[in-house]
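Everything on this sheet refers to the single structure shown next.
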Ligand code: SF4
Ligand code: FE
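In the working numbering, the protein residues as written are 12 to 495.
In structure tokens:
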């Protein structure tokens, strides 16, 4: 059963006993709760599309370990073609969901672990590589969704990890070592898709130094393990999903990502689940490789959502009767140029990928970081242009309840019409724009473009480090005939 159906996926979640809180209350039925359903629908798409022949080439791959057809989100990349298909798949999924579809984290993390575990074993004689390989084969065979947990809450960034000036639990760490495993305590912030995943993989948040061994811990655990609690992140306009017959006002009633503060309160991790345990010098490599893959991913997923934003803006230009105005055409052209630049950078960082010592392929880190740094800017400009085209009615339009009201519905239907379009369809397009710019999808498009896969300064540090300034100085000296 290497490919599950979406029904089997939902049934597998139903069997889990997870602790998920929203607004201070335990979510009694995580499958049916309207707050979590859009996240689940995105993940269901990843199953349905893998079984649809028209998407097979991008959505599936053949496992090099078992020879079975697997979901590409659990693939270990064998060549640059795999890396290119990954970005194309992410654009496709962004177009389908107009939000964060959440399943890429394990693809990016698994490839980082695969190569890093190999190098840890080389240096330390450990057996993490075989252990990780077995784990990813299990994920492929059982078609599991695995959330990835990187970011620690950190508290004050002025204090180093393990400082006794603040609560040491602000960084996930080992609090007890036993013969058969370790006990960990701490939390991981804004964990994408955790509320609808089977398992979670945790890793250190940053490079570590000797003396910080207890923080150099990476492992996998089922998300219903004893001691794990998820607290769902608040999103703008999120409780519209709880309104009766919630539809138009939600903007995107089917899909959307969900993040959770994920707490590990004295969780026992058995030895066989551990992929890093005290090898501090490899924490940085693991983080850097994961971040590199994920920064490349943003050239795909954000471009897909950008396509929907451009589509919504074009539709509103048509509905507003402004489609033929030259400044509108110019704005739509600029949105497209910016969006395709992001995609080009994602594809380029894939095409320039190279094999690691373990044999899987790594993206070009410099270009992947440039890709993500562009993502911290262009979606903001795309949204600005979308809002410009949509008009102020995007944020002042009456509600769906008013549209359907006996008292004022006739007014809304009379005064909200556009060019050859009734008030309802115009409102639907406006609410979609609102959702992408300011609503629940803004988490996955606007602000995630800034901070997801690392904030802009993290990319600048990598770009500075990999910019090759000395090599470029030599190029200049040769042309200018400078002899030192
Ligand atoms: Fe995938 Fe993009 Fe969401 Fe990351 S932000 S999980 S790459 S959709
Ligand atoms: Fe993300």
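Each residue gets a CB set at the ideal place from its N, CA and C atoms; glycine is no exception.
Keep in mind it's a predicted model, so treat the numbers as computed, not measured.
Residue 111 Cβ short of 8 Å to the ligand FE heavy atom set: Within the cutoff, so yes.
Where residue 28 falls, given that 16 or more other Cβ within 10 Å makes a residue buried: In summary, residue 28 is exposed, with fewer than 16 beta-carbon neighbours lying within 10 Å of its beta-carbon over all protein chains present.
Under 9 Å between C-beta atoms of residue 62 and residue 20: Cβ atoms of residue 62 and residue 20: not closer than 9 Å.
Counted within 10 angstroms of its Cβ, other Cβ atoms place residue 11 as buried (16 or more) or exposed: Given a span of 12 to 495 for the chain in the structure shown, any question on residue 11 remains unanswerable.
Supposed close pair residue 84, residue 57 - CB separation, criterion 8 Å: Your pair residue 84 and residue 57 checks out as a contact, with CB atoms roughly 6 Å apart and the cut at 8 Å.
CB contact flag (residue 213, residue 230, <9 Å): In this structure, residue 213 lies near residue 230, with their beta-carbon atoms less than 9 Å apart.
Complete runs of the beta strand (DSSP E) confined to the region 57–125 [at least 3 residues]: Runs found: 71–73, 80–82.
Alpha-carbon to alpha-carbon, residue 217 and residue 168: Cα-Cα distance, rounded: 12 Å.
Integer-rounded CB distance, given that residue 330 should sit under 8 Å from residue 440: About 6 Å separates the Cβ atoms of residue 440 and residue 330, confirming a contact at the 8 Å cut-off.
Stretch-stretch touch, CB-based, cutoff 8 Å, three pairs: the region 348–363 with the region 302–320: When C-beta atoms of the region 348–363 are compared with those of the region 302–320, three or more pairs fall below 8 Å, so the two segments count as touching.
Extent of the continuous beta strand (DSSP E) run through residue 288: Per DSSP, residue 288 belongs to the beta strand (DSSP E) from 285–288.
Between the CA atoms of residue 94 and residue 135 - distance to the nearest angstrom: In this structure, the CA atom of residue 135 is about 30 Å from the CA atom of residue 94.
Nearest-angstrom beta carbon gap, residue 445 and residue 267 [assumed within contact, 8 Å]: At roughly 13 Å, the Cβ-Cβ gap does not stay under 8 Å, so residue 267 and residue 445 are not in contact.
The ligand SF4 heavy atom lying under 8 Å from the CB of residue 244: With a cut-off of 8 Å, the C-beta of residue 244 is classified as distant from the ligand SF4, since no heavy atom of the ligand falls inside that distance.
Cβ separation of residue 306 and residue 464, assumed to be a contact under 8 Å, to the nearest whole Å: Between residue 464 and residue 306 the Cβ distance is about 5 Å, and since that is below 8 Å, they are a contact.
Residue 203: CB within 8 Å of a non-hydrogen atom of the ligand FE: Flag set: Cβ of residue 203 near the ligand FE.
Heavy atom of the ligand SF4 within 8 Å of residue 309 beta-carbon: At least one heavy atom of the ligand SF4 sits closer than 8 Å to the Cβ of residue 309.
Close beta carbons around residue 7, own chain, < 6 Å, minus the five adjacent residues each side: Because the chain in this structure spans residues 12 to 495, residue 7 falls outside the shown range and cannot be described.
Pick from 126, 256, 456, 114 that is closest to residue 392, judged by C-alpha positions: Each of 126, 256, 456, 114 was checked against the Cα of residue 392, and the nearest Cα belongs to 456.
Bridge partners - residue 232, DSSP secondary structure assignment: Beta-bridge pairing links residue 232 to 211.
Best match in 365, 351, 396, 291 for proximity to residue 341 [C-alpha to C-alpha]: It is 396.
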